[in-house]
Amino acid sequence: NAGVMQNPRHLVRRRGQEARLRCSPMKGHSHVYWYRQLPEEGLKFMVYLQKENIIDESGMPKERFSAEFPKEGPSILRIQQVVRGDSAAYFCASSQMPQRYEQYFGPGTRLTVT
Amino acid sequence: GQQLNQSPQSMFIQEGEDVSMNCTSSSIFNTWLWYKQDPGEGPVLLIALYKAGELTSNGRLTAQFGITRKDSFLNISASIPSDVGIYFCAGQTQGGNTGKLIFGQGTTLQVKP
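Sequences listed follow chains A and B, in order. Going by my numbering, the letters in the first sequence line up with residues 21 to 134, in that order. Going by my numbering, the letters in the second sequence line up with residues -11 to 101, in that order.
Now the structure itself:
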């Protein structure tokens, strides 16, 4: 199964620690998107990346959050100095092209901040 | 910001019944996608629509891209217990090159055997 891979599936961090979420897109996909889902809500766009480039980060909080998609390896969503409000499910999606193409989602990482 | 209004918020139906849900927006969308999410999992793509007026089926599922480009609906015929889950509409707006999806709030479907 060459679907979108995310790890870890569950991550527990204490307030003030750093969280690193990883995403490997589907084979042949070079466009990666990160979304956040709070309980009982829909998904909210955070950032769109291509290899080595951030294309749209309009949904990213201005502080503590960063994302990268290096030439080699998975895309990383990094949250520094986590707070309880960061607790959510974080989903990665990938597509072949940015528009007019389907986005396929990974299983998500459930982040819990204690 | 842009919002999608999805309705109904939840449905509780008998097995075998047909289901209909819809999404509306104040903005024009050039793509509509319908996803299903099971608890603890990521959204799974059901149907993608790219053209105003387009009607597309996937098994017992049928979805349409509204003529005004501001709405879409999803129908499920002859529901079965495994249809239980949360259904999300998502759209991409015209212009730009971001490809980001805007999601509705979801419709929770429960099916009584």
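Beta carbons are placed, not taken as given, at the ideal position from N, Cα and C, and that holds for glycine.
Could you confirm whether any beta carbon from chain B is found closer than 9 Å to the beta carbon of residue i?
{"i": "A/S78", "result": "yes"}
{"i": "A/S44", "result": "no"}
Could you check where the beta strand (DSSP E) with residue i kicks off and where it finishes?
{"i": "A/R42", "result": "A39 to S44"}
{"i": "A/H68", "result": "According to the sequence displayed, residue 68 of chain A carries Tyr and not His. Note, A/Y68: beta strand (DSSP E), L63 to Q70."}
{"i": "B/G79", "result": "G73 to T81"}
{"i": "A/V32", "result": "H30 to R33"}
{"i": "B/Y23", "result": "F17 to Q25"}
{"i": "B/I68", "result": "Per DSSP, B/I68 belongs to no beta strand (DSSP E) and is neither H nor E."}
{"i": "B/S(-5)", "result": "L(-8) to S(-5)"}
{"i": "B/M(-1)", "result": "S(-2) to Q2"}
{"i": "A/M25", "result": "M25 to N27"}
{"i": "B/K100", "result": "T95 to K100"}
{"i": "A/T132", "result": "T129 to V133"}
Starting from residue i, follow its DSSP beta bridges and name the residues at the other end.
{"i": "A/R56", "result": "A/K64 and A/Y110"}
{"i": "B/M9", "result": "B/L62"}
{"i": "A/E88", "result": "A/I96"}
{"i": "B/R48", "result": "Per DSSP, none; premise fails for B/R48."}
{"i": "A/Y124", "result": "A/S114"}
{"i": "B/L33", "result": "B/Y23"}
Residue i to residue j, Cα distance in whole Å?
{"i": "B/T56", "j": "B/K39", "result": "11 Å"}
{"i": "B/L49", "j": "A/E77", "result": "34 Å"}
{"i": "A/R35", "j": "B/S67", "result": "44 Å"}
{"i": "A/F85", "j": "B/S(-2)", "result": "33 Å"}
{"i": "A/L97", "j": "A/V52", "result": "11 Å"}
{"i": "A/A87", "j": "A/F125", "result": "17 Å"}
{"i": "A/L63", "j": "A/Q57", "result": "5 Å"}
{"i": "A/I74", "j": "A/V67", "result": "8 Å"}
{"i": "B/G87", "j": "A/S115", "result": "9 Å"}
Output needed for residue i: all residues of its chain with C-beta closer than 7 Å, excluding positions within five of it in sequence on either side, in chain order.
{"i": "B/F53", "result": "W20, L37, K39, A40, G41, E42 and S60"}
{"i": "A/S50", "result": "Q70 and K71"}
{"i": "B/L33", "result": "L21 and Y23"}
How about residue i: is its C-beta nearer than 9 Å to some C-beta of chain A?
{"i": "B/G47", "result": "no"}
{"i": "B/K88", "result": "yes"}
{"i": "B/L33", "result": "yes"}
{"i": "B/G73", "result": "no"}
{"i": "B/E5", "result": "no"}
{"i": "B/L43", "result": "no"}
{"i": "B/A36", "result": "yes"}
{"i": "B/G92", "result": "yes"}
{"i": "B/F76", "result": "yes"}
If I measure Cβ to Cβ from residue i and keep anything under 8 Å in the same chain, skipping five residues before and after, which residues do I get?
{"i": "A/L31", "result": "A39, L41, T129, R130, L131 and T132"}
{"i": "B/L89", "result": "L21, A78, G79 and Q80"}
Report all residues from its chain with a CB closer than 6 Å to the CB of residue i; omit the five preceding and five following residues, and keep chain order.
{"i": "B/N63", "result": "S8 and T50"}
{"i": "A/T134", "result": "R34"}
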